[in-house]
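A.B. asks:
2 protein chains.
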Amino acid sequence: MVTKTAAKPKPRPRDRAKTETAILDAVSRLILRDGLSGVGINALAREAGVDKVLIYRYFGDLDGLYRAYAEHGDFWWTVEEMLAATEGATDAADALKRGLRHHTAAMRQRPVTLAVIAAEPANRTPLVVALEEVREKRSIELMKQEALRHGGWGDVDIVAVTALLAAAIDYLAARALKIRVYGGVEIKTDKNWERVLAAVDAMIDGLFAATSPAKRKGTS
Amino acid sequence: MVTKTAAKPKPRPRDRAKTETAILDAVSRLILRDGLSGVGINALAREAGVDKVLIYRYFGDLDGLYRAYAEHGDFWWTVEEMLAATEGATDAADALKRGLRHHTAAMRQRPVTLAVIAAEPANRTPLVVALEEVREKRSIELMKQEALRHGGWGDVDIVAVTALLAAAIDYLAARALKIRVYGGVEIKTDKNWERVLAAVDAMIDGLFAATSPAKRKGTS
DNA sequence: GGTTTTTGTCACCATACGGTGACATATAGG
DNA sequence: CCTATATGTCACCGTATGGTGACAAAAACC
Numbered sequence: 018m019v020t021k022t023a024a025k026p027k028p029r030p031r032d033r034a035k036t037e038t039a040i041l042d043a044v045s046r047l048i049l050r051d052g053l054s055g056v057g058i059n060a061l062a063r064e065a066g067v068d069k070v071l072i073y074r075y076f077g078d079l080d081g082l083y084r085a086y087a088e089h090g091d092f093w094w095t096v097e098e099m100l101a102a103t104e105g106a107t108d109a110a111d112a113l114k115r116g117l118r119h120h121t122a123a124m125r126q127r128p129v130t131l132a133v134i135a136a137e138p139a140n141r142t143p144l145v146v147a148l149e150e151v152r153e154k155r156s157i158e159l160m161k162q163e164a165l166r167h168g169g170w171g172d173v174d175i176v177a178v179t180a181l182l183a184a185a186i187d188y189l190a191a192r193a194l195k196i197r198v199y200g201g202v203e204i205k206t207d208k209n210w211e212r213v214l215a216a217v218d219a220m221i222d223g224l225f226a227a228t229s230p231a232k233r234k235g236t237s
Numbered sequence: 018m019v020t021k022t023a024a025k026p027k028p029r030p031r032d033r034a035k036t037e038t039a040i041l042d043a044v045s046r047l048i049l050r051d052g053l054s055g056v057g058i059n060a061l062a063r064e065a066g067v068d069k070v071l072i073y074r075y076f077g078d079l080d081g082l083y084r085a086y087a088e089h090g091d092f093w094w095t096v097e098e099m100l101a102a103t104e105g106a107t108d109a110a111d112a113l114k115r116g117l118r119h120h121t122a123a124m125r126q127r128p129v130t131l132a133v134i135a136a137e138p139a140n141r142t143p144l145v146v147a148l149e150e151v152r153e154k155r156s157i158e159l160m161k162q163e164a165l166r167h168g169g170w171g172d173v174d175i176v177a178v179t180a181l182l183a184a185a186i187d188y189l190a191a192r193a194l195k196i197r198v199y200g201g202v203e204i205k206t207d208k209n210w211e212r213v214l215a216a217v218d219a220m221i222d223g224l225f226a227a228t229s230p231a232k233r234k235g236t237s
């Protein structure tokens with residue numbers, strides 16, 4: 018009979034680059050399948066088909082692996098991309114609406130990012146922290162650029178409003194990964210996302226209509 | 018010298034009721050300290066000062082313990098409480114504003130609920146599911162009651178709007194447990210919560226001002 | 001060809017987990 | 001008083017975890 022060890026060891030080809038990308042790819046797969054907390058050394062080595070000692074050798078420890086993963090991936094929209102998406106906007110309200118729609122699409126396209134966001138409040142790994150830093154930096158930079166474009170935001174507390182709406186979108190999108198319902202709204206279909214985004218649009222329109230015109234050309 | 022085992026065993030008094038509440042109390046403490054995923058059999062037994070076998074005896078298994086915990090606690094506002102909070106509202110917009118403010122206060126008063134919400138998308142334990150059911154039921158019931166009070170919501174898609182705003186509030190409050198910043202908004206202080214709530218108010222006002230009047234007495 | 005370094009494999013460690021069986025003793029029932 | 005049951009304690013199981021040291025062999029270097 019054929020014993021397990023004698024069957025066909027088929028040793029891994031000696032190629033560090035390939036091994037490293039195999040590991041990093043396995044991280045994505047594991048995050049998607051089991052969430053951030055599912056990315057442990059043993060599960061990861063198993064998933065990547067790699068001995069775990071190689072992970073230690075190439076990335077130091079789990080945190081090093083997270084950091085490397087955070088640097089290698091595309092987890093967030095870029096400021097340029099976002100500015101392009103809001104380019105033709107007629108006014109600040111329009112820019113905000115377009116921006117949030119682009120944000121929504123960008124998030125829904127990145128399930129790994131959503132999974133990280135979902136785990137964010139609970140598991141605070143270096144990957145989470147790294148992603149957070151990127152987000153903060155780009156959001157702030159984008160705010161600055163958009164403000165220049167439209168000459169400020171009138172009376173609207175743009176930081177609070179975007180924080181609120183972006184938080185809502187992130188949370189709903191993250192929930193939609195594994196759960197379907199929130200407050201009676203099905204959040205997995207495009208149709209219902211459109212419903213949510215329509216509500217966002219309406220709120221932004223109302224907000225700018227109600228508060229801005231009074232001082233539209235007033236004291237900045 | 019005094020050995021550990023011979024020192025003073027001080028056996029636990031034989032009182033099932035006390036043991037059970039000790040266990041349930043330890044669940045709250047553990048959730049607050051380590052999050053939902055920190056509530057394991059061993060850690061729990063340690064925290065409660067109880068042998069883990071008693072947990073199995075009294076609650077079956079971990080899921081049974083979660084279920085018992087879900088039934089025993091006060092995790093969410095009640096419909097009556099919420100209706101009282103919005104009692105003097107002048108119109109639908111005002112009711113919604115008051116409701117969301119009460120919701121915010123209620124959430125911030127219940128750190129355990131926030132911790133569960135934080136873990137919700139990731140760890141899907143029976144406790145999370147039970148809490149979710151309560152929320153869904155009460156939200157829907159509340160919507161119904163409020164609609165009766167104010168004769169509908171005009172053109173506002175109230176379900177989408179409240180889902181969106183409640184999601185934002187829940188997420189920000191849950192994040193605030195362990196993180197401080199989101200999109201440039203410090204979310205731990207009362208002052209900045211007021212800022213966020215002011216933005217919510219402004220959006221609601223704008224929303225109702227912009228969309229409702231057109232058909233205020235129109236086709237339902 | 002011989003040596004050194006790199007890459008990969010394997011066996012092992014201490015620890016923690018969820019879960020169970022056997023035992024001791026306090027309390028309640030007869 | 002004797003017995004049965006309820007409560008609590010202890011030792012243990014199998015499995016998984018994060019992490020490390022020893023070894024084999026391919027590659028690179030001289």
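Chains A and B, in that order, are what the protein sequence lines are.
Heads up, the first sequence is in our numbering, so the first residue is 18 and it goes up one at a time.
Heads up, the second sequence is in our numbering, so the first residue is 18 and it goes up one at a time.
Glycine is no exception: its CB is placed at the ideal position from the N, C-alpha and C atoms.
Per DSSP, which one or two residues make a beta bridge with Glu203/B?
C.D. replies: BP columns for Glu203/B point to Val198/B.
A.B. asks: For my contact list, Ala132/A and Leu194/A are in at a C-beta cut-off of 8 Å; report their separation, rounded to the angstrom.
C.D. replies: 6 Å between Cβ atoms; contact.
A.B. asks: Give a yes or no on whether 8 Å exceeds the smallest Cβ distance from Lys195/A to chain B.
C.D. replies: Yes, contact with chain B.
A.B. asks: Where does Asp51/B sit, in a helix, a strand or coil, going by DSSP?
C.D. replies: Looking at Asp51/B - three-state DSSP - the assignment turns out to be helix.
A.B. asks: To the nearest angstrom, how far is it from the Cα of Leu181/B to the Cα of Trp94/A?
C.D. replies: Approximately 22 Å between the Cα atoms of the pair.
A.B. asks: Can you give me the C-alpha to C-alpha distance between Ala112/A and Arg63/A, rounded to a whole angstrom?
C.D. replies: Going by the C-alpha atoms only, they are around 46 Å apart.
A.B. asks: For Pro138/B, name the three-state secondary structure that DSSP assigns.
C.D. replies: Residue state, collapsed to three classes: coil.
A.B. asks: Can you name the residues of chain A whose CB is closer than 8 Å to the CB of Ser156/B?
C.D. replies: Within chain A, the residues near Ser156/B are Gly200, Gly201.
A.B. asks: Using 8 Å as the limit for Cβ to Cβ distance, is Ser54/A near chain B?
C.D. replies: Yes - at least one Cβ of chain B is within 8 Å of the one on Ser54/A.
A.B. asks: Can you tell me whether Gly81/B is helix, strand or coil according to DSSP?
C.D. replies: Reduced to three states, the DSSP call for Gly81/B is helix.
A.B. asks: If you draw a straight line from the C-alpha of Gly55/B to the C-alpha of Thr121/B, how long is it?
C.D. replies: If I take the Cα positions, the gap works out to 26 Å.
A.B. asks: Taking all protein chains shown into account, do 16 or more other C-beta atoms lie within 10 angstroms of the C-beta of Pro138/B, making it buried, or fewer, making it exposed?
C.D. replies: Buried, since its Cβ has 16 or more Cβ neighbours within 10 Å.
A.B. asks: Note down the Cα distance separating Val151/B from Phe225/A, rounded to an integer number of angstroms.
C.D. replies: The straight-line gap from Cα to Cα measures roughly 36 Å.
A.B. asks: What in chain A is Cβ-close to Leu182/B, meaning under 8 Å?
C.D. replies: Here the neighbours are Leu181, Ala185.
A.B. asks: Mind pulling the alpha helix (DSSP H) runs of 4 or more residues that sit fully within the segment 83-170 of chain B?
C.D. replies: Listed in chain order, they are 96-102, 109-125, 128-136, 143-167.
A.B. asks: With a threshold of 8 Å, are at least 3 pairs of Cβ atoms found where one atom belongs to the segment 96-115 of chain A and the other to the segment 64-82 of chain A?
C.D. replies: Contact fails: fewer than three Cβ-Cβ distances are below 8 Å.
A.B. asks: So is the beta-carbon of Tyr73/B under 7 Å away from any non-hydrogen atom of the ligand ADP?
C.D. replies: Ligands are entirely absent from the displayed structure, and the ligand ADP is therefore not among its contents.
A.B. asks: Specify whether the segment 200-216 of chain A and the segment 162-177 of chain B touch according to this definition: at least 3 beta carbon pairs, one from each stretch, less than 8 Å apart.
C.D. replies: Yes, since at least three Cβ pairs between the segment 200-216 of chain A and the segment 162-177 of chain B fall closer than 8 Å, the two stretches touch.
A.B. asks: Leaving aside the five residues before and after Arg233/A along the sequence, list all residues of the same chain whose C-beta is less than 7 Å from its C-beta, in chain order.
C.D. replies: Only weak support is given to the placement of Arg233/A: the predicted model assigns it a pLDDT of 42, under 50, and the question is left unresolved by the model.
A.B. asks: Can the beta-carbon of Met124/B be found closer than 8 Å to that of Ile186/B?
C.D. replies: Yes, the pair counts as a contact, with Cβ atoms nearer than the cut-off.
A.B. asks: Tell me the residue span of the alpha helix (DSSP H) that contains Asp32/A.
C.D. replies: No alpha helix (DSSP H) holds Asp32/A; DSSP gives it neither H nor E.
A.B. asks: Reducing DSSP to helix, strand and coil, say where Val178/A ends up.
C.D. replies: In the structure shown, Val178/A sits in a helix (DSSP, three-state: H, G or I).
A.B. asks: Name the chain A residues that come within less than 8 Å of Ala112/B, Cβ to Cβ?
C.D. replies: Per Cβ cutoff of 8 Å: no residues; Ala112/B is ~16 Å from chain A at best.
A.B. asks: Could you check the C-alpha separation between Ala39/A and Gly66/A for me, to the nearest Å?
C.D. replies: Ala39/A and Gly66/A: Cα-Cα distance of roughly 8 Å.
A.B. asks: Beta-carbon within less than 7 Å of Ile72/B's beta-carbon, same chain only, minus the 5 sequence neighbours each way: which residues are those?
C.D. replies: Correct list, in chain order: Ile40, Ile58, Leu61, Ala62, Leu82.
A.B. asks: Tell me whether the segment 196-211 of chain A and the segment 194-212 of chain B touch, counting them as touching only if at least three CB pairs, one residue from each stretch, are closer than 8 Å.
C.D. replies: The answer is no - the segment 194-212 of chain B does not touch the segment 196-211 of chain A, with fewer than three Cβ pairs under 8 Å.
A.B. asks: Which residue wins for smallest C-alpha separation from Ser45/A, given the options Arg212/A, Thr130/A, Glu211/A?
C.D. replies: Of the candidates Arg212/A, Thr130/A, Glu211/A, the one whose C-alpha sits nearest the C-alpha of Ser45/A is Thr130/A.
A.B. asks: Using the rule of at least 16 other Cβ atoms within 10 Å of the residue's Cβ for burial, across every protein chain shown, is Ala238/B buried or exposed?
C.D. replies: Past the edges of chain B, shown from 18 to 237, lies residue 238/B, and the structure says nothing about it.
A.B. asks: If you reduce the DSSP assignment to three classes, tell me which class Lys208/B lands in.
C.D. replies: The answer is helix: DSSP assigns Lys208/B an H, G or I state.
A.B. asks: What is the residue span of the alpha helix (DSSP H) that Asp70/A lies within?
C.D. replies: A small correction: the amino acid at residue 70/A is Val; Asp does not occupy that position in the sequence shown. Element bounds for Val70/A: 69-76.
A.B. asks: What residues in the segment 118-152 of chain A have a beta carbon less than 9 Å from any beta carbon of chain B?
C.D. replies: Result list: Leu131, Ala132, Ile134, Ala135, Ala136, Glu137, Pro138, Ala139, Asn140, Arg141, Glu149, Arg152.
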